[in-house]
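In this text, residue positions in the sequence shown follow full-length UniProt numbering: the first is 1, and each later residue adds one. The C-beta atom is built at its ideal place from N, Cα and C for all residues, glycine as well. Values in this document were obtained by computation on a predicted structure and should not be read as measured data. Input: a single structure, listed below in C-alpha cells.
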Amino acid sequence: MSKRKHSGSKEQPTIKKQKRPCGLTLLPYELLSTIFILSSNPALPVVCRALYQRLYCCHDTLKIAFLLHRTQYNVEKLLEEASRFRFFNGALVRQLDQVAQQPLNFHDKKIPSRLFLEEPAATLKEREELILMLLERGGSPNRPKGYPIFKSALLGRLDRVKLLVSFGADPTAQNNMALRACVARNNREMVDYFLDELKVRPDSETLKVCVQKNLWDMFQLLVDHGAVPDLSTIAVS
C-alpha cells in the first residue's frame with residue numbers, strides 16, 4: 001500500500017539549477033578573439049548568444065586573421081575559403097587583395113549559391129556586385145551543374161542570365177533546365193532570348209511542360225523553333 005501524505009505536510013519547492021555561464025564569455029575580448037582565430041572553428045561564434053554578439057559581428061580584421069590562419073597563410077586559397085562564409089562581401093574581397101598585395105584569383109571556383117537567391121532584398125545590390133566581381137576574377141558561371149543560370153532564369157532575371165552567358169555560362173545545362181523554367185513560368189521575353197539569341201533547341205521534355213500547364217501558344221512557339229513532340233508528349237496531352 002502506498003503511504004498517505006499527512007494533510008499538514010508541505011511539499012518541498014523544487015529549486016531549478018541555474019546554468020553556469022560559458023567560461024569563454026568571461027574572457028577579455030583580446031584573448032577570446034585569439035582563441036577564435038587559433039581554433040579555426042567557424043561554429044564558435046554560434047555557441048551562445050554572448051559569443052555571437054562578440055565574435056560574429058566582429059571587425060573585418062579579425063575575420064581576415066581567422067581566414068589566414070585557417071588557410072595556413074596560403075593566399076591562393078584565401079578567397080575560396082572566404083566565400084564559404086556569410087560575412088563574405090565585396091569590401092572583404094578588396095581587403096583580402098590588400099593583404100595578398102595582389103588581386104586574388106577565383107579561377108573556376110563555385111560562386112556561392114546564396115548570392116543568386118531573391119531574398120533578402122536589402123542585400124540584393126551588394127550581392128549583384130559580388131557576383132560580377134567573382135566572375136571577373138574567373139569564377140565559374142556554371143558550377144554547380146548549371147545552377148546560376150537556372151536559378152536566374154527561374155526568378156525571371158534576364159539581366160543576370162545575360163551576364164552569366166557573357167562569362168561563358170552554358171544555356172543548355174542540365175538538358176535545357178533554364179529554358180524549361182522560363183517556359184513553365186510563361187516568360188515569353190526570356191524564352192525568346194533563349195530561342196532567338198542563344199539558339200537553344202527546345203526538346204520534347206520542354207513541350208511536356210507546356211502541355212501540363214495548358215500553354216498552347218508557348219507549345220506552338222517551341223515547335224516553330226524545332227521541338228518535335230514524341231509519343232510521351234502526346235500521351236500527356
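For residue j and residue i, the rounded distance between their alpha carbons
i, j, result
"L135", "G23", "43 angstroms"
"A181", "H69", "42 angstroms"
"L195", "P171", "10 angstroms"
"I64", "A121", "27 angstroms"
"L104", "L130", "14 angstroms"
"E126", "P42", "23 angstroms"
"Q98", "L164", "27 angstroms"
"L67", "S83", "10 angstroms"
"M133", "A91", "11 angstroms"
"Y56", "D203", "48 angstroms"
"H107", "N187", "33 angstroms"
"E30", "V93", "24 angstroms"
"V161", "Q102", "30 angstroms"
"A153", "E118", "12 angstroms"
"F88", "L27", "27 angstroms"
"E189", "N176", "16 angstroms"
"G138", "H225", "33 angstroms"
"D60", "S166", "32 angstroms"
"K151", "A169", "12 angstroms"
"V47", "P148", "33 angstroms"
"S33", "E128", "31 angstroms"
"T123", "F116", "11 angstroms"
"W216", "P229", "13 angstroms"
"Q53", "S40", "18 angstroms"
"V209", "F36", "51 angstroms"
8 angstroms Cβ cutoff met for residue i and residue j
i, j, result
"N214", "A173", "no"
"A178", "L207", "no"
"T71", "L78", "yes"
"P45", "L38", "no"
"L221", "Y193", "no"
"residue 242", "M218", "The chain is shown from 1 up to 237; residue 242 falls before or after that span and cannot be answered."
"R114", "G156", "no"
Simplified DSSP assignment, three categories, for residue i
i, result
"K110", "strand"
"L155", "coil"
"Q101", "coil"
"D203", "coil"
"S40", "coil"
"residue 244", "Given a span of 1 to 237 for the chain in the structure shown, any question on residue 244 remains unanswerable."
"Q72", "coil"
"residue 245", "Absent from the model: residue 245. The displayed extent of the chain is 1 to 237, so no value can be given."
"K145", "coil"
"L117", "coil"
"R86", "coil"
"A65", "helix"
"D192", "helix"
"A227", "coil"
"V47", "coil"
"C57", "coil"
For residue i: DSSP bridge partner residues
i, result
"S140", "K110"
Candidates the options: closest to residue i by CA position
i, options, result
"R86", "Q101, Q72, I111", "I111"
"Y73", "F88, L51, F150, L96", "L96"
"V211", "G156, V183, H59, Y147", "V183"
"R49", "S140, T25, L198, L124", "T25"
"K109", "C58, T34, W216, K145", "K145"
"E80", "V209, S140, E197, W216", "S140"
"V75", "A100, C58, Q53", "A100"
Proximity test, residue i beta-carbon vs the ligand MN heavy atom, cut-off 7 angstroms
i, result
"V75", "Summarising the ligand content, the structure contains no ligands, and the ligand MN is consequently not present."
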